[in-house]
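Presented below is the structure to which this report refers.
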Amino acid sequence: MAEGTTIAGPSDSTSEYSQIKDLIDQPLSDGDTWYIIDLHWFNSWKKYVGWDKWDPNNVRDPACHPGNIDNLALLKENTMELKEHLTEDIDFALVPEPVWNLLVKWYQLTPGQEPIARKVVDHGMLTSYLRVEIYLTELKLAKYPETEKTCVKKFSKRDTLETVEKVLRDIFEIPENSNIHLWTKSSNQAYEELPMKKQSIQELSLMTNQTLVAEVQNEDGTWPRKTSYSKRSVVGASYSSLRHYDGDSSGSRSVQPGLCGLNNLGNTCFMNSVLQCMSNTPPIQRYFLEERHWAELNKENPLGNQGEIAKAFADLLKAMWSGQHHAFPPRAFKLQVGRFAPQFSGYQQHDSQELLTFLLDGLHEDLNRILKKPYIELKDADGRSDADVAREGWENYRKRNDSVIVDLFHGMLKSTLVCPECDKVSVTFDPTCYLSLPMPVKKERPIELYLARVDPEQKAMRYRVIVPKMGTILDLTEALSKLCGIPADHLIVADVHQHKFHQVFTNDSSISQISERDVIYAYELPERLGTTGTCCLGVYLKEVKTRNNYGYGSMFGVPFILQVPREGMVHDQLYQCIVTRMKRYLKSSDDQELAGPSSSDAITDISSTNQTVCENEMDTEDVDMSLENGNELPCMEINGIDSAAKASQSKRLFSMDLVNLSGNSSLGKIKENGKLITLAAKSFVSCEWDPVVKELSYNAEAEKYAEDASSQQRVNVKKQVLQLKECLEVFTSIERLGADDAWYCPTCKKHVRATKKFDLWSLPEVLVIHLKRFSYTRSLRDKLDTLVEFPIRGLNMAPYIIDPNPTDAVYDLIGVCNHYGGLGGGHYTAYAKNKDDGCWHYFDDSSVSEASEESVCSKAAYVLFYIRRNQNGKWIENVRPPLTKSSPAPVHKTHAKRNSANDSEEDMDSS
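Take the sequence shown: its position 821, counting from 1, is numbered 821 in full-length UniProt numbering, and each next residue is one higher.
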């Protein structure tokens with residue numbers, strides 16, 4: 001349906017459903033084309049065709065027609081470029097080409113927009129890892145010596161350096177027979193050579209906004225840059241052979257070993273923070289600097305990484321502790337991470353704790369002393385003592401897992417499950433390399449919203465209310481009611497976006513559907529919400545420059561909701577209801593001549609032509625205004641009878657059109673024919689303004705709002721301060737499993753919501769504690785910024801260990817990984833204690849500064865690194881000696897040979 005047409009009747013939604021259902025689950029295939037589509041539109045279409053049959057709200061309602069495919073919300077203003085940081089299943093959906101073609105055939109694309117097509121790219125290097133490439137890589141291309149004059153071009157990650165070179169030659173008119181060298185140029189004027197032209201942008205770790213410089217050979221065979229450089233590969237070479245040019249000062253000045261920053265290669269702050277903490281873990285640092293890993297590399301382990309993660313990590317630590325670098329780019333390490341864990345590639349921020357989990361597991365498998373893992377059958381406790389079961393579990397685990405990581409980082413948890421029906425008790429002892437602790441906070445959140453009162457003379461008022469994070473819209477209206485004095489059942493709440501309603505909530509809607517960036521309005525109603533015989537009518541304002549087709553115009557102003565009778569009104573009465581509500585927005589009384597009959601005349605005695613409005617309890621099924629999950633209002637029926645009195649023929653401010661929720665599809669004109677109108681419980685009307693009339697009559701200044709005192713308060717939520725012991729107590733408390741995590745009881749032979757309890761049996765030398773600041777649900781992503789106070793020295797874990805014969809359990813802090821900002825981005829830094837000088841330092845990517853001990857404990861703390869307190873401080877004694885006494889191969893030669901054939905990893909985007 002092209003924009004501008006009117007929906008004549010219900011489409012064959014059943015046919016649409018069946019055709020798309022067979023195509024939507026098409027698997028990704030390298031090189032295929034997929035299309036980006038606005039998630040709100042796609043969900044609206046799903047509602048229209050009844051996609052989710054289990055959802056009772058998903059009715060095949062013609063009034064829910066989604067209109068033209070509209071991706072405007074995904075695009076930067078006045079461009080066809082995608083906004084930054086869009087997320088699949090939150091902002092957009094991906095559909096394969098056959099699905100897109102059908103949707104365009106049925107609904108057409110909004111005029112002026114273009115399809116957003118993207119290719120499927122294999123991000124894996126050793127194994128296939130297919131993903132749709134949402135964002136292309138933007139490179140700044142320049143020609144030496146005018147390196148500041150750049151031209152920005154976009155490339156796919158699969159494009160090779162040869163492709164980039166061809167573009168460079170075209171832009172700067174470099175002849176094909178001229179030899180050129182390609183360099184990357186950093187912000188500090190450092191150059192790195194890129195000689196491997198067969199490699200892709202992904203393999204070379206090139207990132208968005210990176211500058212590539214073409215150096216053209218002089219006619220006499222010399223090169224313009226008077227710098228001696230090696231023709232060896234820089235990207236992919238070992239740290240020992242890595243060379244920088246011009247701007248690098250790392251090799252010219254000495255620095256205290258360990259105080260080496262790490263360059264941000266593009267959203268790699270999450271990785272840098274973890275690496276700094278690991279680098280400052282004394283037994284790890286000593287193990288790798290003493291090159292003990294060479295004797296324990298397990299290249300044949302099918303669960304490992306061919307030893308490459310361990311070797312790259314060792315090389316990086318050597319560079320960081322060489323005393324030769326103030327800052328160092330961890331490219332080679334990042335290369336190996338991308339090869340073996342492609343989930344960390346791409347242009348998105350990642351979680352530092354997830355990277356740490358991969359690193360510990362990767363190092364463990366690369367250094368696993370077990371060359372062939374035996375099969376071990378697990379046994380149930382069967383009434384045996386905890387000591388016997390724990391000892392058996394640990395011995396069995398060590399038969400398959402034996403590495404320096406297990407020696408230092410692995411402890412054991414006792415897990416107890418109890419069936420609520422038969423009291424079956426299941427006890428298992430499981431190894432763990434970190435403790436992930438919940439934070440027992442009171443979960444409330446502030447929400448800002450605007451109140452539009454029934455009185456048209458009053459400005460909208462901005463309020464800030466405090467509501468439960470997992471509460472409902474009823475909690476929101478009740479909180480607002482206490483501030484404004486309007487009964488909660490006389491309020492209806494909506495999400496306003498781009499001058500129309502994105503969603504109109506019911507009282508049962510979850511508050512978690514409201515994000516911080518949403519613009520929320522609450523509208524006062526003269527009668528209770530859901531009063532029988534009334535309709536909550538959504539009103540849009542639209543400037544239409546041509547009357548030939550509906551939709552060729554633009555929305556303006558703030559939409560509003562009127563509570564009107566569902567039956568008995570004629571055109572003039574509905575028109576005057578809207579004009580009356582808009583009184584404050586009309587420039588002067590003189591303009592009211594355009595409005596037709598007076599408001600009072602039009603509204604008087606509507607009830608005389610309408611059925612009696614009942615005062616009974618609201619019939620939520622009949623008049624529910626919910627548009628939750630994309631539901632829209634059923635079509636308004638324009639019924640009527642002949643009227644002897646003709647409607648006034650005076651010029652109107654606007655005409656009225658029945659529309660869908662999105663306001664982009666007409667459901668029929670409301671005509672001035674004197675016939676009675678019957679409205680459905682869920683209805684929208686678009687008031688179409690001629691540009692000249694809008695300019696003369698509409699007062700945009702009236703859109704300004706007033707401030708309630710509550711909106712001036714920064715945050716009303718009481719700040720909490722937690723102790724680490726509170727988090728430990730919650731972690732070791734009894735909880736009941738959720739319905740999605742039900743446990744299969746072997747006695748009852750079914751899944752049950754059992755009770756579960758964790759206990760600490762043994763703790764490792766290096767204790768890693770992860771504070772669960774992030775929570776993810778189907779409709780909510782949240783971060784907790786609550787301060788958790790933790791001891792810098794003397795953390796006593798003995799009270800939480802149930803082993804009757806525990807080892808020493810007093811720990812001292814050696815590192816903290818911090819996260820600042822919100823979800824889906826933010827910034828990671830680290831605090832770490834240098835083993836040589838005993839001082840704390842702050843690591844912010846390439847920047848390193850001394851820090852006070854007091855600053856280490858902050859509300860940004862995310863992952864804590866503790867080490868067991870030993871009187872002699874000989875942590876390395878807890879690490880098993882190498883299995884062979886043979887000397888390791890020479891590091892530099894081995895690495896140069898190994899890396900010459902290595903692929904390079906894909907770069908991540910910048911923080």
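All C-beta atoms, glycine included, are put in the ideal place defined by N, C-alpha and C.
Taking the C-beta atoms as reference points, M80 is found no nearer than 8 Å to T137. Under the three-state reduction of DSSP, F790 is assigned to coil, being neither helix nor strand.
In this structure, I867 keeps its C-beta atom at 8 Å or more from the C-beta atom of Y831. When the five nearest sequence neighbours on each side are left out, the beta carbons in the same chain lying within less than 6 Å of the beta carbon of N301 are those of E365 and N368, in order along the chain. If you draw a straight line from the Cα of Y705 to the Cα of L451, it is about 9 Å long.
Linking L676 to E567 through their CA atoms gives a straight-line distance of about 7 Å. Look at N101 here: in three-state DSSP terms it is helix. Under the DSSP assignment, M412 falls outside any alpha helix (DSSP H), being part of the beta strand (DSSP E) whose first and last residues are G411 to V418. Taking C-beta atoms as the reference points, L356 and V766 fail to come closer than 8 Å. The beta carbon of W394 sits closer than 8 Å to the beta carbons of M412, F429, P431 and S762 from its chain, once the five residues preceding and following it are set aside; these are given in chain order. Contact between F731 and F758 holds, with the beta-carbon distance rounding to 6 Å and staying under 8 Å. Considered as a whole, the region 353-403 harbours 386-400 as its complete alpha helix (DSSP H) runs of no fewer than 4 residues, in chain order. Within the DSSP secondary-structure output, V465 pairs in a beta bridge with I447.
Counting along the chain, D22 sits inside no beta strand (DSSP E), nor does DSSP assign it H or E at all. Leaving aside the five residues that flank A341 on each side, the residues in its chain whose CB is nearer than 7 Å to its CB run, in chain order, F358. Of the candidates I561, F313 and R793, the residue whose Cα lies closest to the Cα of R453 is I561. Non-local C-beta neighbours of C151 in its own chain, meaning closer than 6 Å and more than five positions away in sequence, comprise L141 and I171, ordered along the chain.
Per DSSP, the beta-bridge partners of F865 are V768 and G815.
Between the region 491-500 and the region 508-523, the count of Cβ pairs shorter than 8 Å is three or higher; the stretches touch. As computed with DSSP, F92 is found in a beta bridge with D38 and E88. Taking D38 as the centre and dropping the five residues before and after it, the same chain places the C-beta of D70, N71, A73, L74 and F92 closer than 7 Å to its C-beta, in chain order. DSSP lists no beta-bridge partner residue for K749. Spatial neighbours of L737 in its own chain (CB-CB distance under 7 Å, excluding positions within 5 residues in sequence) are listed in chain order as W743, R753, A754 and K756. N280 is positioned such that its CB atom lies closer than 8 Å to that of K835. About 22 Å separates the CB atoms of L474 and A460; that is not less than 8 Å, and the two are not in contact. Of the candidates N870, N298 and E854, N870 places its Cα closest to the Cα of P764. Counted as a single uninterrupted DSSP element, the alpha helix (DSSP H) harbouring H571 occupies residues H571 to R581. Assigned with DSSP and collapsed to three states, N43 falls in helix. Rounded to whole angstroms, the separation of the alpha carbons of E84 and N267 is 14 Å. Rounded to whole angstroms, the Cβ separation of Y540 and S666 is 12 Å, and the two are not in contact under 8 Å.
Within the same chain, Cβ atoms closer than 8 Å to the Cβ of S710 are found at Y463, R464, V465, L483 and N716, the five residues on either side in sequence being excluded. Listed in chain order, the non-local C-beta contacts of A798 below 7 Å within the same chain comprise P806 and A809, local neighbours out to five positions each way being set aside. For C536, the enclosing beta strand (DSSP E) covers residues T534 to V544. One thing to note: L363 has its Cβ within 8 Å of the Cβ of A310. A straight-line Cα-Cα distance of about 11 Å links D386 and S415. Per DSSP, reduced to three states, the secondary structure at T163 is helical.
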